[in-house]
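**Student:** I have a structure I would like to understand better, so I am pasting it below and will then ask my questions one at a time.
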Amino acid sequence: MADNRLPFFAPGLDPGPSFADFLRHVAPHHLPGGGLTGAAGAVAPADMPHGTTVLAIRYADGVVMAGDRRATAGMMIASRRIEKVMPADDFSGVAIAGAAGPAVEMVKLFQTQLEHYEKVQGDALSLEGKANQLAQLLRANLQAAMMGFVVVPLFAGYDHARARGRVFSYDVTGGRYEEMDFQTQGSGSIHARNWIKAGWREGMSADEVVELALRSLFAAADEDAATGGPDPVRNIWPVVALIDTDRYRRLSDDDVAARGTPLLSGPERGGYAR
Amino acid sequence: MSMPFYVSPEQVLKDRADYARKGIAQGRSLVALECERGVLIVADNPSRTLSKIYEIYDRIAFAAVGMYNEFQMLRVAGVRHADLKGYSYSREDVSARELANAYAQTLGQVFTHELKPYEVELLVAEVGVNGAPNEMYHILYNGVVVDEQRFSVLGGQAEQINEKLKESYTDGIDLAAAVRLGARVLGSDGEALDAEQLEVALLDNTRERRAFRKIKNAELRELLG
Numbered sequence: 119m120a121d122n123r124l125p126f127f128a129p130g131l132d133p134g135p136s137f138a139d140f141l142r143h144v145a146p147h148h149l150p151g152g153g154l155t156g157a158a159g160a161v162a163p164a165d166m167p168h169g170t171t172v173l174a175i176r177y178a179d180g181v182v183m184a185g186d187r188r189a190t191a192g193m194m195i196a197s198r199r200i201e202k203v204m205p206a207d208d209f210s211g212v213a214i215a216g217a218a219g220p221a222v223e224m225v226k227l228f229q230t231q232l233e234h235y236e237k238v239q240g241d242a243l244s245l246e247g248k249a250n251q252l253a254q255l256l257r258a259n260l261q262a263a264m265m266g267f268v269v270v271p272l273f274a275g276y277d278h279a280r281a282r283g284r285v286f287s288y289d290v291t292g293g294r295y296e297e298m299d300f301q302t303q304g305s306g307s308i309h310a311r312n313w314i315k316a317g318w319r320e321g322m323s324a325d326e327v328v329e330l331a332l333r334s335l336f337a338a339a340d341e342d343a344a345t346g347g348p349d350p351v352r353n354i355w356p357v358v359a360l361i362d363t364d365r366y367r368r369l370s371d372d373d374v375a376a377r378g379t380p381l382l383s384g385p386e387r388g389g390y391a392r
Numbered sequence: 038m039s040m041p042f043y044v045s046p047e048q049v050l051k052d053r054a055d056y057a058r059k060g061i062a063q064g065r066s067l068v069a070l071e072c073e074r075g076v077l078i079v080a081d082n083p084s085r086t087l088s089k090i091y092e093i094y095d096r097i098a099f100a101a102v103g104m105y106n107e108f109q110m111l112r113v114a115g116v117r118h119a120d121l122k123g124y125s126y127s128r129e130d131v132s133a134r135e136l137a138n139a140y141a142q143t144l145g146q147v148f149t150h151e152l153k154p155y156e157v158e159l160l161v162a163e164v165g166v167n168g169a170p171n172e173m174y175h176i177l178y179n180g181v182v183v184d185e186q187r188f189s190v191l192g193g194q195a196e197q198i199n200e201k202l203k204e205s206y207t208d209g210i211d212l213a214a215a216v217r218l219g220a221r222v223l224g225s226d227g228e229a230l231d232a233e234q235l236e237v238a239l240l241d242n243t244r245e246r247r248a249f250r251k252i253k254n255a256e257l258r259e260l261l262g
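In the order they appear, the protein sequences are chains A and B. Numbered by the numbering used here, the letters in the first sequence go through residues 119 to 392 in order. Numbered by the numbering used here, the letters in the second sequence go through residues 38 to 262 in order.
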């Protein structure tokens with residue numbers, strides 16, 4: 119943005135309530151992956167930071183979203199404290215796995231997109247509308263994804279029209295799939311998913327579902343080198359957020375520590391026969 | 038050979054100003070009041086669906102009187118401008134002052150160069166955080182920006198309403214008193230407007246990020262007492 123003039127559009131060129139379309143008109147270089155797709159034949163470097171395990175689970179009042187705190191760059195730990203679960207708006211959240219840089223950019227654009235729509239149009243999008251918007255952003259990232267900058271998010275939120283939580287998953291092409299009850303994504307997702315599958319039932323309370331989310335993340339960290347486990351020494355715990363009629367709220371680290379610590383004496387202790 | 042008529046620039050601008058003022062005077066007025074909870078905006082607006090007060094950004098509101106289609110276009114351009122700035126720099130870098138400048142540029146440009154001036158008056162308000170002062174910019178149809186304190190009045194009856202506010206406005210007024218004051222000064226013959234005739238919004242200084250919220254229905258009736 120070079121000048122301080124207000125943006126106006128001729129009829130027919132107006133981008134409407136879409137911020138991404140507006141950006142495409144006035145500052146395409148600010149789009150996620152805008153700098154990547156210009157480099158012909160470029161391939162994502164192997165030591166680029168990657169986010170690992172995230173999950174979303176439906177419960178009685180809404181959905182819980184959670185993610186471990188590790189980002190890896192090849193065999194290295196790129197970050198111990200990355201946050202991969204973020205609010206999309208007041209009643210929905212997005213969790214990211216894959217190439218951390220483009221993913222964080224995409225979430226920022228997604229958040230702006232939802233708020234922009236709400237302000238321009240006067241009403242928030244429906245939950246399904248939000249889910250579709252994210253699919254479109256992923257589709258726009260396809261070229262970068264083919265070069266290795268793969269971003270695979272989970273989207274979940276509280277649907278006021280249906281009075282329940284809903285969970286959506288995506289593939290790199292922007293394919294959007296609604297899940298019945300839960301989904302996981304990222305390198306440790308299989309372990310987390312199996313653990314959830316064994317413990318999930320209809321109508322769980324918030325406390326029960328947070329415990330299930332923490333257990334499954336701990337299980338994933340136990341089996342997957344790229345997923346960060348609980349770290350009581352540094353006081354690093356997974357990010358856990360609840361979304362229900364009372365809006366998106368991230369649990370405090372102290373709260374998660376208090377809920378997570380008792381779980382560490384369970385099966386996760388493991389050990390070998392001597 | 039016919040000579041084109043000469044019209045002095047003074048006359049052209051005066052005619053345009055008269056035209057714009059006449060258009061604006063037809064509409065209903067609105068007031069913005071600094072209060073203990075932030076910046077309150079009260080508009081005389083009986084419509085349930087067509088608004089005059091809007092959210093632009095985290096701590097910035099927009100209000101307008103005059104031609105609906107013209108201020109809508111300006112409002113949407115303001116939202117785009119602010120969202121783009123916040124997206125490409127940082128959320129903290131979006132300011133009411135800069136936005137008011139951008140509006141002034143546009144309105145001034147249209148006033149002098151286009152056939153017809155915009156028949157609108159705008160208010161761009163920003164609520165202060167952590168003890169910073171609130172800001173209220175009143176932008177006229179010709180691009181003149183007035184930086185106002187305590188209260189600001191837009192619309193055809195601005196002069197009378199300003200007089201009334203000068204008498205009854207007190208610094209640090211609480212929210213309920215500010216809502217009642219707004220309803221009273223917008224009404225005529227000492228008769229306050231009721232909840233059905235008002236559109237009310239607050240830039241709430243107790244809110245974390247998005248300070249803007251509408252005050253309506255039961256909450257509005259309760260504040261009006």
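The beta carbon of each residue, even a glycine, is placed where N, CA and C say it ideally should be. Remember, it's a predicted structure, so these values are computed and weren't measured experimentally.
Please list, in chain order, the residues of the stretch 102-117 of chain B that have any C-beta partner in chain A closer than 9 Å.
**Tutor:** Within the stretch 102-117 of chain B, the residues whose Cβ lies closer than 9 Å to some Cβ of chain A are M110, L111, R112, V113, A114, G115, V116 and R117, listed in chain order.
**Student:** So, is G389 of chain A buried or exposed, given that buried needs 16 or more other C-beta atoms within 10 angstroms?
**Tutor:** Reliability fails at G389 of chain A, whose pLDDT of 49 lies under 50, so the model's placement of it is uncertain and the value that follows must be treated cautiously. When all chains shown are included, G389 of chain A counts as exposed.
**Student:** Measuring CB to CB, does Y206 of chain B end up less than 8 Å from L223 of chain B?
**Tutor:** No, the Cβ-Cβ distance between Y206 of chain B and L223 of chain B is not below 8 Å.
**Student:** Please name the residues in the stretch 128-141 of chain B whose beta-carbon is closer than 8 Å to at least one beta-carbon of chain A, in chain order.
**Tutor:** Those residues of the stretch 128-141 of chain B that come within reach of chain A (Cβ to Cβ, closer than 8 Å) are E135, N138, A139 and Y140.
**Student:** For F108 of chain B, which of helix, strand or coil comes out of DSSP?
**Tutor:** DSSP places F108 of chain B in helix when its eight states are reduced to three.
**Student:** With 16 other CB atoms within 10 Å as the buried threshold, where does H309 of chain A fall?
**Tutor:** Buried, because 16 or more other Cβ atoms sit within 10 Å of the Cβ of H309 of chain A.
**Student:** Let me know if N242 of chain B comes out buried or exposed under the rule of 16 or more other beta-carbons within 10 Å of its beta-carbon.
**Tutor:** N242 of chain B is buried by the Cβ-count criterion.
**Student:** DSSP on V172 of chain A, reduced to helix/strand/coil?
**Tutor:** Note: V172 of chain A maps to strand in three-state DSSP.
**Student:** Looking at the secondary structure, which residues open and close the beta strand (DSSP E) in which E185 of chain B lies?
**Tutor:** That run of the beta strand (DSSP E) goes V182 to E185.
**Student:** Under 8 Å, CB to CB, which of the residues in the stretch 137-150 of chain A have a partner in chain B?
**Tutor:** So the close ones are F137, F140, L141, V144, A145 and H148.
**Student:** Report yes or no: do three or more beta-carbon pairs, one from the stretch 304-323 of chain A and one from the stretch 167-179 of chain A, lie closer than 8 Å?
**Tutor:** In short, these stretches touch, since the Cβ pair count reaches three.
**Student:** In terms of alpha-carbon separation, which member of A:D139, A:M298, A:V328 and A:A344 lies closest to A376 of chain A?
**Tutor:** For the residues A:D139, A:M298, A:V328 and A:A344, the minimum Cα distance to A376 of chain A belongs to A:V328.
**Student:** Tell me whether D277 of chain A sits in a helix, a strand or coil according to DSSP, three-state version.
**Tutor:** Of the three classes helix, strand and coil, the one that applies to D277 of chain A here is strand, per DSSP.
**Student:** So, is the C-beta of S125 of chain B closer than 8 Å to a C-beta in chain A?
**Tutor:** Chain A contact via Cβ: present.
**Student:** Take M119 of chain A and list the residues in its own chain whose beta-carbon comes closer than 8 Å to its own, dropping the five residues that flank it on each side.
**Tutor:** Summary for M119 of chain A: the model assigns pLDDT 47, below 50, so the residue's position carries little reliability; its value from the coordinates is reported in the next sentence. So the list reads V144 and A145, once near-sequence residues are dropped.
**Student:** Using alpha carbons as the reference points, say which of A:V225, A:R187 and A:D289 lies closest to P348 of chain A.
**Tutor:** Selected option, being the one with the closest Cα: A:R187.
**Student:** Any beta-carbon of chain B closer than 8 Å to the one on P167 of chain A?
**Tutor:** It does not; no Cβ of chain B falls within 8 Å.
**Student:** From the beta carbon of A120 of chain A, is the nearest beta carbon of chain B less than 8 Å away?
**Tutor:** Confidence is the limiting factor: at A120 of chain A the pLDDT is only 46, short of 50, which leaves the residue's position unreliable and the question unanswerable from this model.
**Student:** Pick from B:N179, B:S225, B:Q186 and B:H175: whose alpha carbon is nearest that of K201 of chain B?
**Tutor:** Comparing Cα-Cα distances from K201 of chain B to each of B:N179, B:S225, B:Q186 and B:H175, the minimum goes to B:S225.
**Student:** Identify whether Y295 of chain A lies in helix, strand or coil by the three-state DSSP scheme.
**Tutor:** Here Y295 of chain A sits in strand by DSSP.
**Student:** Quick one: list the residues of chain B neighbouring R123 of chain A, beta-carbon separation under 8 Å, in chain order.
**Tutor:** Simply A139, Q142 and T143.
**Student:** Can the beta-carbon of L235 of chain B be found less than 8 Å from the beta-carbon of A80 of chain B?
**Tutor:** Yes.
**Student:** May I have the straight-line CA-CA distance separating I90 of chain B from N82 of chain B, to the nearest angstrom?
**Tutor:** Whole-angstrom Cα-Cα distance: 10 Å.
**Student:** Determine the extent of the beta strand (DSSP E) in which M183 of chain A is found, giving its start and end residues.
**Tutor:** M183 of chain A -> beta strand (DSSP E) spans V181 to G185.
**Student:** To the nearest whole angstrom, what separates the beta carbons of V357 of chain A and A331 of chain A, a pair I think is in contact under 8 Å?
**Tutor:** Not really, about 10 Å apart at Cβ, beyond 8 Å.
**Student:** Name the chain A residues whose beta carbon is nearer than 7 Å to that of E92 of chain B?
**Tutor:** Per Cβ cutoff of 7 Å: K237.
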